[in-house]
Each structure stands twice: as C-alpha cells, then as structure tokens.
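In this note's numbering, the protein residues as written are 882 to 1320.
Encoded as structure tokens, the structure appears first; notes follow it.
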C-alpha cells in the first residue's frame, strides 16, 4: 500500500512539471509534502523500497524549493506566534514563583498566649456501688412452722421489734419439763439443808443437792433460750426486704426469711488506680485529711450530703491494678438504698499548677506536644506530660514552665523553624473564654 502511494505521488510530480500547471503544481506540492511527512511516521518494514523512491524524490528538489521559502517564512512566523505566548507564560510563571518565594519569607500571623500558674481543683470520677452500713440476712434458728409474720415488706423497724414467730411445740414442752425438774431438785435441796441442821445428814449431802439444783436451773435457762429462738427480732433499726416465706410455711434451721438493712449511713465502694492512690496519700499527708467527696446518682443529680473517705482495702487487685476505697455518706432522708450505683467525685486541690488551654496542644503517636515561641519568634516543638485534665484545660506536669509563650490559634498553620508574628493574648482572658478542647 505504501509503495502504491509513493508511485502515485511520482506521477503527480511529473504532471506538475508540465507547462501551464503552476496552480495545480502549487496545490499538489503541499499535498505531496503532507504525504511525505505521513510516510516518515510509518513502520520501517519497507526501507529498501523507500531508498529507490527517495532517488526519484531528489529530482524534484528544484520544484520544492519554490515552495520552501514561503513555508519557512510561515513556520518562522508561526513559531514566533507559538513561542511568544509560551515565553510570556513562562516569564509570568517565573514571576509568580518569585512572588511566592518572596511571600514565603513573610512571617506567619498567629495568636499566642502564655502558660500560667494558678490553684485549680481537679476532680476524678469513679463508678461506685452503694451498700448499707449494716445489711444482714434474717434466718430461722430452729425448725418449725412459720406461725406468724409481724412485718410488711419495706417496713422500717426498730431494734428489738418482733419480726417472725415459729410454732415451737417441742421446745415449749422441753421448757416445761425442765422447769418441773428444777422444782423437784429445789425441794430435795431444801430437805437436805433441814436435815443437815438437825445433824441427820452430812454437809456433803447438802453440797450434792445444791449442785443438782444449779444444773436443773441451767437446763431451764437453756430451754428458755431455745424457745426464744422461735421468736425472731430485729437486731438493729432498718428496712425489711422481701419476705421469702409465707405464713404457715415449714422452715428449717438456717432458712432465709428476709433481709434487714441499716441505711442510716451508706458505704460507697469504688476502685482507684495505683497512681491516684499514691496522689491521694500524698495529699492526705500534706493538706487535707478530710478530702471532700461527692456522690452522683443514676439520674445525674448530686446527692445532697457530702461524704468522706472511710477506709481503704489492704490489697491491690493484681489483674486490674486497682485498690478499693470506701466513702461514707450520711443518709438521713433514706434516699439511698442498698445495691444502688452511681459515680463518686473526688476533688483535689492543686496549688501553683501550670495550666494551658487544651486547644493549644496536638497529639502525635500518643504523645502530647505544644508549639513554643522562643525569644527570636521562632516556633519550636515541645513534648509535654499531662498531670491531669480539666474541662478545656491541661495541668502540665513537665515539658514547659509557667510563662512560656505558646501558639494558641494557628497550630495547623505553622511548623518547626517558622518565624512568626503573633498577637499575644492575656492568659486569664483566654482561660475564661475557653470552649474548645485539644485537636
């Protein structure tokens, strides 16, 4: 196909060489040039055949020379028109880059503040379980029928009130038998004493009779005690729980009849991590042994009575690393009940603590950082250690001191080594108007 096109091209060139065909020649010369350019971009499979055709093309160089000056002029003009805008664009781009570079030397405009020392109150919250100070199971001490129930579920009772009575036929009969036996022994003792006075019996007989009487009286007391076990009384003031058995039920020794709770003072248990335990002991030793404790109930309301730490367990839990604390809360209105849950709030006062806004910090790989502005207004990155977290505020343990200038707004816009211009805001005003936490 390529060979046929080239032969056709040669025939056209011969035709153009004829006299009187200048116009046609000019038109076809352009077409031949385009076909030649297309042939240059094709595959090189027929290079040997192209060499023969190229010899014929050389014969027409004179004819092509008439066309080249105008085309060269057009190319030069077109080249000038093409390169003109490009050169202008390149120049503009270079100027823009120069402008950007010049702009890069400008300092950043940010907002800064300083870390400040002040006394703050730190609050830790712990999930807790609420228990009565006394909570017992009321059990049957003897076997028998539940003859009578003197209480209602949820009733407030006083110490010594009768709760239950168990039918005691055996113990009543035993008591009566022991009383009769004691009377008989008493008669024998009185008779022995009279005979001794008459010197009929010896003193030894009187002593034996007296011993028998003491034994009989002890048996009566034992029978009376056993009979008393069938009457169950309240051991302390409290609230009666659900009744486990109904009247007339047969109960055995040790069966649970109900529970009794003394809710006058509530014991609130919660688990504290080891680090917080050490902080608590340090504060107790230095400042306030009667640390304030608050109780938040399940409906998020605060209990209206303050509490205090009543006890700390002896051992840490090796699996959790926690130790149990007990806070004591008075419960005069009886609002708290055994088994409730809530949250304990422990307030600690931190004196001269270094504080910064949370939004001035950022986190990288679980480490907390802040941008510091040095004396040359150059940004430096400092790692900080957080002692405790308050609302919108971090209390700093280490990393920066009070009075250090830090980037407050524009943390995302600066990097280490940047020289910055900044608006320095008063830290007291900043802390009063904080709303945003750390990024």
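We put the beta carbon where it would ideally sit given N, CA and C, even for glycine.
Helix, strand or coil at residue i according to DSSP, with G and I counted as helix
i: residue 1049; result: coil
i: residue 1109; result: helix
i: residue 1189; result: strand
i: residue 944; result: Confidence at residue 944 is low in this model, with a pLDDT of 43, below 50, so its placement is unreliable and the value that follows should be read with caution. Note: residue 944 maps to helix in three-state DSSP.
i: residue 1208; result: strand
i: residue 990; result: strand
i: residue 912; result: Note that residue 912 has pLDDT 48, beneath the 50 cutoff, so the model's placement of it is unreliable and no number is given.
i: residue 1243; result: strand
i: residue 1022; result: coil
i: residue 1124; result: coil
i: residue 1058; result: helix
i: residue 1203; result: strand
i: residue 1268; result: strand
i: residue 1101; result: helix
i: residue 1010; result: strand
i: residue 1288; result: strand
i: residue 1302; result: strand
i: residue 963; result: Interpretation of residue 963 is limited by its pLDDT of 38, a score under 50 that renders its predicted location unreliable; the figure taken from the coordinates is listed afterwards. Residue 963 falls in the helix class under three-state DSSP.
i: residue 1297; result: coil
i: residue 1038; result: strand
i: residue 1070; result: helix
i: residue 1216; result: coil
i: residue 1194; result: coil
Proximity winner among the options, relative to residue i (alpha-carbon distances)
i: residue 1183; options: 1268, 1253, 1215 and 1226; result: 1226
i: residue 1221; options: 1290, 1251, 1148 and 1308; result: 1148
i: residue 1214; options: 1050, 1048, 1040 and 1146; result: 1146
i: residue 1052; options: 1154, 1272 and 1103; result: 1103
i: residue 995; options: 1259, 1283 and 1173; result: 1283
i: residue 1261; options: 1288, 1025 and 1277; result: 1288
i: residue 1292; options: 1281, 1271, 1250 and 1308; result: 1250
i: residue 1190; options: 1198, 1029 and 1210; result: 1210
i: residue 1248; options: 1081, 1159, 1254 and 1265; result: 1265
i: residue 1070; options: 1055, 1096 and 1045; result: 1096
i: residue 1152; options: 1047, 1007 and 1111; result: 1007
i: residue 1286; options: 1235, 1294 and 1267; result: 1235
i: residue 1075; options: 1061, 1030 and 1091; result: 1091
i: residue 1223; options: 1208, 1233 and 1230; result: 1208
i: residue 1154; options: 889, 1203, 1274 and 1036; result: 1203
i: residue 1121; options: 1304, 1274 and 1143; result: 1143
i: residue 1206; options: 1093, 1174, 1086 and 1314; result: 1174
i: residue 1296; options: 1085, 1253 and 1000; result: 1253
i: residue 1029; options: 1114, 1039 and 1064; result: 1114
i: residue 1134; options: 1049, 1193, 1160 and 1156; result: 1049
i: residue 1178; options: 1031, 1277, 1011 and 1056; result: 1011
i: residue 1150; options: 1002, 1315, 1240 and 1192; result: 1192
i: residue 1022; options: 1112, 1280 and 1001; result: 1112
i: residue 1290; options: 1280, 1301 and 1281; result: 1301
i: residue 1160; options: 1231, 1131 and 1200; result: 1231
i: residue 1273; options: 1073, 1163, 1311 and 1038; result: 1311
N- and C-terminal bounds of the alpha helix (DSSP H) containing residue i
i: residue 1312; result: 1308-1313
Which residues DSSP lists as bridging residue i, in chain order
i: residue 1262; result: 1252
i: residue 1003; result: 1229
i: residue 1143; result: 1015
i: residue 1154; result: 1203
i: residue 1283; result: DSSP, once it has assigned bridges, lists no residue as partnering residue 1283.
i: residue 1033; result: Paired residue(s): none; residue 1033 is not in a bridge.
i: residue 1114; result: 1043
i: residue 1277; result: 1235 and 1267
i: residue 1027; result: 1047
i: residue 1083; result: The partner list for residue 1083 (beta bridge, DSSP) is empty, contrary to what the question assumes.
i: residue 1119; result: 1038
i: residue 998; result: 1235
i: residue 1149; result: 1011 and 1208
Where the beta strand (DSSP E) through residue i begins and ends
i: residue 1224; result: 1222-1238
i: residue 1136; result: It is not in any beta strand (DSSP E) - residue 1136 carries neither H nor E in the DSSP assignment.
i: residue 1182; result: Note, residue 1182: premise wrong, no beta strand (DSSP E); not H, not E.
i: residue 1175; result: 1174-1177
Proximity test, residue i beta-carbon vs the ligand MN heavy atom, cut-off 7 Å
i: residue 1092; result: What this structure holds is no ligand at all, so the ligand MN is not there to describe.
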